[in-house]
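A.B. asks: Submitted below is the structure of interest, expressed as structure tokens.
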Amino acid sequence: MKLLCHLPAAFYSISSSISSSNHRWRGSYSCLRRATSITAKSRHTSLGFRSSSSATHHRRHYHSHHRHHLFPCCHSTADNKIFHRHSALRQRRKHLHKSNTQNNKNVRHLATSSDPDSILRDKFSDVATADTEITHQTPSFQLFYNDVYEVKLPPRHRFPMGKYKKVRERVQYLISKLPQEKRESVNCEFHVSPLATFDELSTTHDPTYIHRFLQGDQTEREQRNVGFPWSKEGVDRALSSVGGTLAAACFVCEERRRQIRNNAESPERVRSPVPSWAAHIAGGTHHAFHDYGEGFSVFSDMAVTANVVLDRYPDVIKNNVLMIDLDVHQGNGNAVLFQQGNLNDESAIHRKHADRVFTFSMHCSGNYFSPKQESDLDIELPIGCQDQAYLMTLNHWLKRFRIEHNREKTKHKMDLIIYQAGVDVLEDDRLGRMNLSPEAVRRRNELVYEFARDLKLPLVICMGGGYPKRDDAWKPIIEAHANVYFGAHQFLSRLSKS
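Here it is, written out as structure tokens:
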């Protein structure tokens with residue numbers, strides 16, 4: 017059953033309506049008990065991804081025994097052989113090494129920073145470097161980004177493609193202007209987002225759909241539904257959009273794995289006070305479905321990430337993954353991708369982890385461009401919802417999650433949080449239809465960070481929506497996006513001193 021709540025603007029009361037659909041949640045308001053059992057076992061595979069930038073010249077393949085190999089052989093599956101034969105990727109892979117040499121120079125430059133320090137080094141460090149043990153007390157916050165996100169679009173296109181670079185530059189500027197003590201209180205570095213592989217995408221999406229997109233074999237209607245015309249650069253963008261979120265999740269899982277190992281080997285070792293966090297300055301493409309995309313979403317980076325890490329890290333993620341989606345639009349793609357349905361159906365292989373991923377979407381009730389779907393928990397807020405009602409609602413439900421997670425006998429313990437931090441809830445957003453102030457959005461982010469801190473869980477942050485009202489009105493949106501990442505850095509900095 018689906019738990020759906022409609023809340024009035026003043027939040028005087030909460031009225032719960034339980035749909036009669038065959039969904040996996042019982043209508044228990046207080047404890048959110050799951051109707052089906054949770055399978056804790058998952059298939060373990062090695063961690064491997066390809067880098068899409070010249071700043072990282074080699075494909076990296078991190079095996080379960082933490083050895084680093086350069087240029088490993090390709091996977092032997094038939095799908096992967098087909099994947100590597102795609103001319104679009106074969107040609108673009110060569111082009112990226114050349115083009116990103118110039119593009120990513122901008123990532124190395126810190127605006128108004130006279131002394132680029134160890135936090136934002138002038139070259140990207142390796143992701144999850146093997147054999148590095150956790151002995152520091154400073155929290156870790158890793159940021160992933162790639163300049164292939166900015167793709168040329170037709171004139172007057174409504175998608176703000178230029179925001180990614182602006183957000184990254186703003187985050188770098190804000191961090192670089194911090195006093196040295198605050199900068200060094202958090203282990204913060206920028207990394208190049210890799211391209212997602214065919215095998216990674218196929219954990220969630222239909223292989224035929226993936227092939228057709230990579231080859232540019234899409235109808236005009238399909239391109240209109242996604243919102244972007246097809247291009248080779250668009251292929252890179254879609255693959256890197258998934259790869260960055262996945263790399264962030266793999267980083268925090270590797271850190272947690274080392275923590276577990278170090279705790280077992282040396283109980284007296286000085287440990288980090290909080291699990292590592294990581295963020296992707298892109299992603300949040302929650303409108304992609306199994307075999308089609310819509311709403312500027314080709315592939316679901318969040319769903320692919322959840323499925324892959326559940327496969328790769330059974331020793332780290334023994335329980336569940338929680339998706340917190342606070343975009344103004346419902347995460348309809350993720351909702352469908354993790355509905356159980358008939359799990360014995362071969363066509364539902366992408367739902368094999370459906371009982372271990374909880375989808376929580378809090379969105380505007382009157383803002384949607386396609387039929388609403390059923391998440392595990394949907395909280396619908398009215399058009400024009402303001403600060404107090406929004407924050408009270410979010411705080412209430414995070415408390416309910418916290419209570420359920422801490423129960424001794426519960427099927428709802430979490431080992432990883434994926435946070436979609438869309439800022440289209442702002443009153444200055446063109447598509448949002450809600451009236452949150454910048455201060456309320458910052459407080460919203462802090463509520464999520466406090467939730468992750470209290471449960472001592474790894475956190476992965478991705479960007480989500482944010483649309484300026486006019487071409488000359490970018491500042492509120494860019495500032496809100498940047499504050500998602502800078503706010504996490506500040507939160508961890510304060511935590512390291514406590």
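For the sequence shown, this note's numbering assigns the number 514 to the last residue and increments by one with no breaks.
Ideal Cβ positions, reconstructed from N, Cα and C, are used throughout, including at glycine.
Mind checking who Pro484 pairs with in its DSSP beta bridge?
C.D. replies: Asp445
A.B. asks: Please work out which residues of its chain come closer than 7 Å, Cβ to Cβ, to Gln234, disregarding the five sequence neighbours upstream and downstream, and give them in chain order.
C.D. replies: Arg228, Trp246
A.B. asks: Apart from the five residues on each side of it in sequence, which residues of its chain come closer than 6 Å, Cβ to Cβ, to Phe502?
C.D. replies: Val187, Leu190
A.B. asks: Helix, strand or coil, according to DSSP, for Ala504 in the structure here?
C.D. replies: Looking at Ala504 - three-state DSSP - the assignment turns out to be helix.
A.B. asks: Determine the contact status of Ile11 and Val464, defining contact as a CB-CB distance below 9 Å.
C.D. replies: Residue 11 falls outside the range modelled here, since the chain spans only 17 to 514, and no answer is possible.
A.B. asks: Give me the residue from Leu342, Asp371, Ile477, His505 with the minimum Cα distance to Val457.
C.D. replies: Leu342
A.B. asks: So what does DSSP say about Thr301, is it helix, strand or coil?
C.D. replies: coil
A.B. asks: Go ahead and label Pro155 buried or exposed: buried means 16 or more other beta carbons lie within 10 angstroms of its beta carbon, across all protein chains shown.
C.D. replies: buried
A.B. asks: What residue from Leu414, Tyr406, Asp327, Ala265 has the CA that sits closest to Glu443's CA?
C.D. replies: Tyr406
A.B. asks: DSSP state of Glu495, grouped into three classes?
C.D. replies: helix
A.B. asks: Less than 9 Å between the beta carbons of His412 and Phe374, yes or no?
C.D. replies: no
A.B. asks: Just the C-alpha distance for Asn409 and Asn499, rounded to the nearest angstrom, thanks.
C.D. replies: Checking the sequence shown, residue 409 turns out to be Thr, not Asn. Their backbone Cα atoms lie some 21 Å apart in a straight line.
A.B. asks: Pairing CB atoms from the segment 322-329 with CB atoms from the segment 257-269, are three or more of them under 8 Å?
C.D. replies: yes
A.B. asks: If we call anything under 9 Å between Cβ atoms a contact, is Val202 one with Ser512?
C.D. replies: yes
A.B. asks: Report the option in Asn348, Arg367, Arg460 whose CA atom is closest to the CA atom of Gln356.
C.D. replies: Arg367
A.B. asks: Going by CA-CA distance only, name the one from Phe206, Asn348, Gln239, Ala351 that's closest to His296.
C.D. replies: Phe206
A.B. asks: Who are the near neighbours of Ile494 in its chain, counting only those whose CB is closer than 7 Å to its CB and skipping five residues on each side?
C.D. replies: Lys179, Lys182, Val183, Arg186
A.B. asks: Could you check what DSSP says for Met479 in three-state terms: helix, strand or coil?
C.D. replies: coil
A.B. asks: Tell me, please, which residues DSSP counts as bridged to Val208.
C.D. replies: Tyr161
A.B. asks: Just reading off the alpha helix (DSSP H) that Ile340 is part of, what are its end residues?
C.D. replies: Careful: Ile340 lies outside any alpha helix (DSSP H), inside the beta strand (DSSP E) at 336-341.
A.B. asks: Take Ala319 as the anchor and find which of Leu217, Asn422, Asn383, Glu455 has the nearest alpha-carbon.
C.D. replies: Leu217 is the residue among Leu217, Asn422, Asn383, Glu455 whose C-alpha sits nearest the C-alpha of Ala319.
A.B. asks: For Gly481, does the count of other Cβ atoms within 10 angstroms reach 16, so buried, or fall short, so exposed?
C.D. replies: buried
A.B. asks: Short of 6 Å in beta carbon distance, which residues of its chain neighbour Cys269, apart from the five on each side in sequence? Order them along the chain.
C.D. replies: Only Val325, Tyr329, Val332 meet the Cβ criterion.
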